[in-house]
Amino acid sequence: MAGSGRRNDRPVTLTLAGKIAWVLIGAIWFALRYPHQRRSKRLRVADNRKLFDERVRMTVSLTGLLFMPAIYVATGIPRFATYKPNPFAFAAGLAAGAAALVLFRLTHRALGRLWSVSLQIKEDHRLVSTGIYRYLRHPMYLAFWLLALSQALLLPNWIAGPAGLVGFGFLFFSRIGPEERMMRQTFGEEYEAYRRRSWRILPYIY
26 MAGSGRRNDR PVTLTLAGKI AWVLIGAIWF ALRYPHQRRS KRLRVADNRK LFDERVRMTV
86 SLTGLLFMPA IYVATGIPRF ATYKPNPFAF AAGLAAGAAA LVLFRLTHRA LGRLWSVSLQ
146 IKEDHRLVST GIYRYLRHPM YLAFWLLALS QALLLPNWIA GPAGLVGFGF LFFSRIGPEE
206 RMMRQTFGEE YEAYRRRSWR ILPYIY
């Protein structure tokens, strides 16, 4: 009977570990981003595309990547969508989260103060094509895809887990076109040449 009790406790322990891991990954992400966010605000904005549709994208993305998983982590809601956690999924979730954080670090290091959370061109903006940007035009988006995948694997809930993939997926596929058009308008042939020698988010694939 005692052995059976310990086995029954494993899903609860793994679920709690997934929730803790999700919180820690989010906290590290915030610690990586905060100093760059403060520095970026000191630069004047030359072109701001914070239109209504951009606010909708950000709201949908934040709902999936932050609000819904946070509610689940804090309360367990929606309980009906919870399933038994898998240790292999948990390990894969940790790996995806770690990869996302490494990419966030490399991306912020390359961008410096030119980083922006939205579609903006800073004053005296230059095209960044060094570091991780030498190979990928949008490594930040790849980092968010990995973050969303990590969430789906760490949180054993059919709604809160995949919510990040859905929310960020909406932002990515509705924003990537306008963002690249803005870059072409701003940098012209320099951007076209860069686009021809780089990949969007996955080398040799996309």
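Under this note's numbering, residue 231 is the last one in the sequence shown; the count climbs by one each step, no gaps. A virtual CB, placed ideally from N, CA and C, is assigned to each residue, including glycine. Here the structure is a predicted model, which is why all the values come from computation and not from measurement.
So, do the stretch 103 to 115 and the stretch 175 to 182 have three or more beta carbon pairs nearer to each other than 8 Å? Taking a cut-off of 8 Å on C-beta distances, the stretch 103 to 115 touches the stretch 175 to 182, as three or more cross pairs fall below it.
Is residue 82 near residue 199, with beta carbons less than 8 Å apart? Taking 8 Å as the Cβ cut-off, residue 82 and residue 199 qualify as a contacting pair.
Are residue 184 and residue 122 closer than 8 Å when you measure CB to CB? Taking 8 Å as the Cβ cut-off, residue 184 and residue 122 do not qualify as a contacting pair.
Write down every uninterrupted run of the alpha helix (DSSP H) in the stretch 72 to 159 whose length is 4 residues or greater and which is fully enclosed by it, in chain order. Whole alpha helix (DSSP H) segments, 4+ residues: 77 to 87, 93 to 100, 112 to 136.
Whole angstroms are fine: how far does the CA of residue 187 sit from the CA of residue 119? If you take the alpha carbons of residue 119 and residue 187, they lie about 15 Å apart.
Among residues of its own chain, excluding the 5 on either side of residue 135, which ones have a beta-carbon nearer than 7 Å to its beta-carbon? So the list reads 153, 155, 156, 157, 158, once near-sequence residues are dropped.
Would you kindly work out how many angstroms separate the C-alpha atoms of residue 71 and residue 212, rounded to a whole number? Reliability fails at residue 71, whose pLDDT of 47 lies under 50, so the model's placement of it is uncertain and the value that follows must be treated cautiously. Going by the C-alpha atoms only, they are around 13 Å apart.
Could you compute how far the alpha carbon of residue 107 sits from the alpha carbon of residue 192? The alpha-carbon atoms of residue 107 and residue 192 are separated by roughly 19 Å.
Three-state secondary structure (DSSP) at residue 27? The predicted position of residue 27 is uncertain, since its pLDDT is 46 and thus under 50; no value can be drawn from it.
Using 10 angstroms around the beta-carbon of residue 76, count the other beta-carbons present and answer buried if the total reaches 16, otherwise exposed. It is exposed - the Cβ of residue 76 has fewer than 16 other Cβ atoms within 10 Å.
May I have the straight-line CA-CA distance separating residue 170 from residue 194, to the nearest angstrom? C-alpha of residue 170 to C-alpha of residue 194: approximately 8 Å in a straight line.
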